[in-house]
Amino acid sequence: MLLDVTQTAETPTGPPAEAPTPAKAPRARPRIHRAWFVAAVTFVTIIGAAAFASLPGLLIEPLHKEFDWSRGEIGFAVSVNLVLYGLTAPFAAALMDRFGIRRVVAVALTVIATGSALTVVMTAAWQMVLYWGVLVGLGTGSMALAFAATVTDRWFVARRGLVTGILTAAGASGQLVFLPLLSWLVANHGWRPASITVAMSALVVVPFVWLLLRDHPADVGLPAYGSDEFKPKPPPVTGAARRAVTVLFEAARTGPFWLLAGTFAICGASTNGLIKTHFIPAAHDHGMQITAAASLLAVIGVFDIVGTIASGWLTDRFDARRLLAVYYALRGVSLLFLPMLLGPDVRPPMLFFIVFYGLDWVATVPPTIALCREYYGADSAIVFGWVLASHQIGAGVVAFAGGLVRDVTGSYNTVWYASGALCAAAALMALLIRSRTSRTTKTASLSAT
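Be aware that the sequence shown starts at 368, since it is given in the working numbering, and climbs by one per residue.
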């Protein structure tokens, strides 16, 4: 039996919990569309919440020294954080449909702040799993990239690829802002002030979100950017969890879902799970100062912004499948060279690796979202949430496995080489994703004959 890769997930809808929200009457379009202000608020919000992503790699050595926890134990807490981040994402997209973007994001930021603040009083490894792994994982997952995808889908018809790239780059911008500060705090004042800084940065953003973010263009009486049609705000839909699961089962019956999930799992393994978690301790193993290694990760954040925005621009113009194949292939090659570049000093070849890896870091996101949108339409944000779950599961596996391999072998080399091979496999998988247009044309041709 042939697998029908053109099947799309139907949007299950429950009975509305309340009457549709009355839409404001359409009004004259402003010179600068309100969608760009919403995108700006979203960008700043993601930057404020990004401090949490900068901290795990900085905590491994201080926690190992203070509590004598193994790198595997610390890596397990990070793994729980990454996996919950991913598994929460598809439910977050559905919850945003039910309760609105503002409420979900405000609650998520508060949970992040709570979990990060509680880590300063922990004395056992299981507490790190609970505070940093569970609470921060659930909070960050409730925003995740589903936040950016939902804002883009609601507020933009034109320039979606570009806006997706800009919002995705916000996480890298947060890394650029916070990583040097957090590494300085850890080196000079210990890891606890760094954790408090993360908590405060999340709390500061909450009123900013509540006062300035809007859920839908109809809230301000405008059509989405790039559209001439004014659409009333849809009513809230009940059964957010049921809808997320139903969309998963529908999408899982199509081939592109598994290929996208597989490639994105490898993306997570080779970025958040590998470089973000283990680059700093690996560089420290080779004699590099923690602050120097953290500065290199911050440089990745600089070029991540450029690479992701450029990828969004390219996604609007070129085949997303081929872009993914190129991104993964080049990433895999770079990882094979990394063990030869690590040393006590920062030399030009290492800087070249950092610049390249930054350009490629999350360049995979805009084409992946574009392919979800192509195949799954109105359910694309939730489908991308599940694809993102695979990204974080891959990241969680490598965050734990990397620490375990380091404990057993005394080196990270095996992890670098294995991740490079996985990226090569991801490049091949991206090429196997069939164009929906060409598949539909071929199916119609076969039916006619």
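Ideal Cβ placement from N, Cα and C applies to all residues, glycine included. All figures in this text were calculated on a predicted structure; none of them were measured in a lab.
Query, Result
"Identity of the residues DSSP links to TYR592 by a beta bridge", "PHE523"
"Reference GLU596, options PRO602, GLY606 and ALA585, closest by Cα", "ALA585"
"Segments assigned alpha helix (DSSP H), at least 4 residues, entirely inside the stretch 454 to 489", "468 to 485"
"Classification of VAL525 by the beta-carbon crowding that lies within 10 angstroms, buried from 16 upward", "What sits at residue 525 in the sequence shown is Ala, not Val. So ALA525 counts as exposed."
"Close Cβ partners of THR455 (< 6 Å) along its chain, the five nearest in sequence each way excluded", "LEU505, GLY508 and SER509"
"Delimiting residues of the alpha helix (DSSP H) encompassing PRO623", "622 to 637"
"SER509, enclosing alpha helix (DSSP H) - first and last residue", "Counting along the chain, SER509 falls outside any alpha helix (DSSP H), and DSSP gives it neither H nor E."
"Distance, PRO733 Cα to TYR694 Cα", "12 Å"
"ILE800 burial status per 10 Å Cβ neighbour count (16 or more: buried)", "buried"
"Proximal residues to ALA797 (C-beta, below 7 Å), its chain only, five neighbours per side dropped", "THR630, ARG688, LEU691, ALA692 and TYR695"
"DSSP-derived helix/strand/coil call for TRP499", "helix"
"Whole-angstrom C-beta distance between GLY482 and TRP493, which should lie under 8 Å", "Not a contact, Cβ separation roughly 14 Å."
"For ILE647 and LEU664, believed in contact at Cβ under 8 Å, the rounded distance", "7 Å"
"Alpha carbon of ALA836 to alpha carbon of ILE749, nearest angstrom", "No answer is possible for residue 836: it lies beyond the span of the chain, which begins at 368 and ends at 816."
"Nearest-angstrom Cα separation, counted from LEU589 out to ASP520", "15 Å"
"Stretch-stretch touch, CB-based, cutoff 8 Å, three pairs: the stretch 746 to 760 with the stretch 457 to 464", "yes"
"Limits of the unbroken alpha helix (DSSP H) element including GLN759", "747 to 776"
"Cβ-Cβ distance between LEU462 and VAL450 below 8 Å", "no"
"Buried or exposed (CB count within 10 angstroms, at least 16 for buried), ALA416", "buried"
"Simplified DSSP assignment, three categories, for GLN494", "helix"
"6 Å Cβ shell around CYS634 - same chain, five flanking residues per side excluded", "THR731 and HIS758"
"Exposed unless 16 or more other CB atoms sit within 10 angstroms - verdict on VAL447", "buried"
"Of the listed residues HIS583, GLU433, ALA636 and LEU546, nearest to LEU789 (C-alpha basis)", "ALA636"
"For MET368, the three-state DSSP class (helix, strand or coil)", "Residue placement at MET368 cannot be trusted, given a pLDDT of 36 that sits under 50; the coordinates are not used to answer."
"Residue nearest to PRO706 in terms of C-alpha spacing, selected from VAL445, ASP652, GLY442 and THR517", "ASP652"
"Three-state secondary structure assigned by DSSP to HIS651", "helix"
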